[in-house]
Amino acid sequence: MYSGQRNKRPYAEHTNSDKNVRRRDIYGQILPDKKEAMLLQRLTKELERQKWNSSIKSAIDPDEKLAATMMLILSQVLLIREKMPLIRFLYLKEDQHRVHLRDNKICSPMPQAKPVPSPKKGEGFTVYL
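1025 is the number that the numbering used here gives to position 129 of the sequence shown; each next residue is one higher, with no gaps.
Structure follows, in structure tokens:
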């Protein structure tokens, strides 16, 4: 509210200021240990609220999330189809390293390649970069 605007309920202003004064007085009388406990309680409630909100946002099944991640990785790769269905040659857009896809595993022919572990053994893709 700017200074020229009047409150539609002037009595509310008075009671709110009285409430705030009482709150400050009561808070000033509380022992430091109790204040610390109140702060800890407030922080734990906030963390629980954030955790609950994040669980709502991430209601996607982890397997679906893994599949979506792999589709994103594969969408960054230019696919060149060969005659053999099990082996397809791929060229990465950024580095142009030659890799091939065989039995749901992306493998690099380079000797210095390091395996990147997949989240679940036996499922999904294993990527060697």
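Using N, Cα and C, we set each Cβ at its ideal position, and we do this for glycine too.
Exercise. Which class does I926 belong to by DSSP, given the choice of helix, strand or coil?
Worked result: Position 30 of the sequence shown, counted from the start, is the residue given in the question as residue 926. Three-state result, I926: coil.
Problem set entry | Straight-line gap, Q925 to T940 (C-alpha atoms, nearest Å) | Translated into positions along the sequence shown, residue 925 becomes position 29. Translated into positions along the sequence shown, residue 940 becomes position 44. The alpha-carbon atoms of Q925 and T940 are separated by roughly 24 Å.
Exercise. If you draw a straight line from the alpha carbon of E948 to that of D921, how long is it in whole angstroms?
Worked result: Taking the sequence shown and counting its residues from 1, the one referred to as residue 948 is at position 52. Taking the sequence shown and counting its residues from 1, the one referred to as residue 921 is at position 25. Looking at the sequence itself, residue 948 is Trp, so the reference to Glu does not match. One C-alpha to the other measures close to 34 Å.
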